[in-house]
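Undergrad: One structure coming up, written as structure tokens, with questions to follow.
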Ligand code: F6R
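Residue numbers (the working numbering): 11 to 622.
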């Protein structure tokens, strides 16, 4: 949520900052701004809307000479939390003297009291933001040493922050600091960068330092001096980014979302690589290593997450219960955090998150740890807060997910949850024979996904026939119920069509009242022990005039009942959740495309929700 990029070096800073902002735009796109250290002091440029608006403003207002000369700057793309998305609320924000300015991700929770204190001292605020309270506080603490002023101010704030600070009186440095909001420093030749997301650094360097909570770094073109909040020196390792530019570019696709949908055979292959033992019918997951005694001890699994990751957890619930015979619960992370959960050391909490930064999931992990429970992470972004906080678990290796709507993370999460269930199952009640069957099916997932991707054109035609509807229902039973929820979530977030995901048997208990002639009802009718029940539920909808779009297993179509059909490859109900999710991703994508929506950056949303 929100993106930060900073540059200090010998090149003009503006193109680097704008390039970085474009890479970060998926994290927030209400407004954007940039501050440059110029000979005459700090100058800022801000605009409402997308980064392209800021580019226009810079073209109009920044002369070629100033552009060439400014080699230090910070920039921000915002997802509004405190204050509407206006130019006045866009970052950077100045202090009272207008010699210090900052960009900030996160929330300063005690900003009201800081603001009131400063107002009593004569400060007149220019914005409604919590960030301005922090910039003014830094200014109040400034006494000729910007590092000390930042540390002094940060000691007074509560909340989360990732900040980059410039000071006109010390133009050859940039100060950055983090607490609960990620920051990565990139080191190049005679230049350094900082960003809230490694995607913004990839075009410039592979050498990075991941800052930790409590770090305050003074950055010059040639040095990175890291301190803690007591101003004591801290050592951090230099790491290899291990990403190349193609991972963060569209690669010929019209949208990141489509690229990421089509990447899934590969991203799932990466999630599975080296983790399947076909001969033993088992999974090899170093992050889940446990002795047979420890495995036997697990009384209950609790999966926590939000949004799409929560839906992946709900598929996981079926897998852990069916395959491993372990009682499993799924809890929305924000709920888990505040409900005083009853958990103990026999329970195993698995926190699921693509970004590894989701505030509610992070808080749930801390709550579980407080209660003495074993906590594992199922995360995509290496080095993220959740990966660090859990300290153990399994990465899904899906690569950067740039489109705001999550796709390849979901299939990666479900793939790894299936592997976890297989491993835990083999340590408990699952026979080698059954383990081998499941392992072989999981191993085929890339080709099962390909099977669905080949229907892209046909799915686009199905989308055409439903693209004018303002409402849609997604129905499923068993492990397909969470897939129905996920299908509805995808459709509503990118196409703004009102979509409801329901357990197929629940329709008749109320929501069926909403059906009118032609309402699309997408029925997940894969081959399973409850298939006839699902068809029965679909009949009830058809009888009320609904348009039935069925997602069926090859050889099990029901053309009398269905208006449109999408075919799934033959596989077991648990494994079928993945190709089914891919089919629904494509359907939503095409509906959104036909409706002319901003697919990669839907309104009101942002990637990585770092606020509660
Ligand atoms: C939906 C979507 C969100 C995220 C949710 C959790 O497409 O992307 O619902 O799944 O915000 O995010 P992570 O997985 O990063 O914790």
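Note that CB positions come from ideal geometry on N, CA and C, so glycine has one too.
#1: Excluding the 5 residues preceding and the 5 following residue 146 in the sequence, name in chain order all residues of the same chain whose CB lies nearer than 7 Å to its CB.
#2: Who are the near neighbours of residue 195 in its chain, counting only those whose CB is closer than 6 Å to its CB and skipping five residues on each side?
#3: Enumerate in chain order the residues of its own chain whose CB-to-CB distance from residue 294 is below 6 Å, with the five nearest sequence positions on each side excluded.
#4: If you draw a straight line from the alpha carbon of residue 278 to that of residue 269, how long is it in whole angstroms?
#5: Which of the three DSSP states is assigned to residue 547 in this structure?
#6: Provide the residue(s) that pair with residue 231 in DSSP beta bridges, ordered along the chain.
#7: Tell me where the beta strand (DSSP E) around residue 530 begins and ends.
#8: Any idea which residues DSSP pairs residue 342 with across the strands?
#9: Using 8 Å as the Cβ pair cut-off and three pairs as the minimum, do the region 439–449 and the region 412–423 touch?
#10: Indicate, with yes or no, if the ligand ATP has a heavy atom lying under 7 Å from the CB of residue 421.
#11: What are the complete alpha helix (DSSP H) segments, minimum 4 residues, inside the region 127–198?
#12: Residue 117 lies in the alpha helix (DSSP H); which residues open and close that run?
#13: Distance, Cα to Cα, residue 226 vs residue 241?
#14: Quick one: which unbroken beta strand (DSSP E) runs of 3-plus residues sit fully inside the region 460–514? Chain order, please.
#15: At the level of alpha carbons, what is the spacing between residue 60 and residue 66?
#16: For residue 163, collect the residues of the same chain with a Cβ closer than 6 Å to its Cβ; drop the 5 residues on either side in sequence, then sort them by chain order.
#17: If you measure from each CB to the nearest heavy atom of the ligand F6R and keep those under 5 Å, what residues do you get, in chain order?
#18: Could you work out which residue in 136, 246, 217, 212 is closest to residue 224 when comparing CA atoms only?
#19: Give the DSSP-derived three-state secondary structure of residue 444 in the structure shown.
#20: Excluding five sequence neighbours on each side, which residues of the same chain lie with their C-beta closer than 6 Å to the C-beta of residue 390?
#21: Which term fits residue 207, buried or exposed, when burial requires 16 or more other beta carbons within 10 angstroms of its beta carbon?
#22: Quick one: what's got a C-beta closer than 7 Å to residue 319's C-beta in the same chain, skipping five residues either side?
#23: What does DSSP give as the partner residues of residue 7 in its beta bridges?
#24: Contact between the region 78–90 and the region 34–45: three or more CB pairs below 8 Å?
#25: Suppose you measure from the CA of residue 271 to the CA of residue 592; what does that come to, to the nearest Å?
#26: For residue 54, name the three-state secondary structure that DSSP assigns.
#27: Are the region 209–218 and the region 167–185 touching by the rule of at least three beta carbon pairs closer than 8 Å?
TA: From the atom records:
#1: 105, 106, 128, 133
#2: 204, 219, 234
#3: 285, 287
#4: 14 Å
#5: helix
#6: Residue 231 pairs with nothing; no bridge assigned.
#7: 530–535
#8: 315
#9: no
#10: The model depicted lacks the ligand ATP and carries the ligand F6R instead.
#11: 140–151, 156–164
#12: Per DSSP, residue 117 belongs to no alpha helix (DSSP H) and is neither H nor E.
#13: 8 Å
#14: 481–486, 508–513
#15: Between residue 60 and residue 66, the alpha-carbon positions lie close to 11 Å from each other.
#16: 147, 148, 151
#17: Here the residues come out as 316, 317, 318, 319, 363, 364, 365, 368, 415, 416, 619.
#18: In terms of CA proximity to residue 224, 246 leads the group 136, 246, 217, 212.
#19: helix
#20: 364, 406, 408, 419
#21: buried
#22: Contacts found: 362, 363, 364, 423.
#23: Residue numbering for the chain in the displayed model covers 11 to 622; residue 7 lies beyond these limits and cannot be assessed.
#24: yes
#25: 7 Å
#26: strand
#27: no
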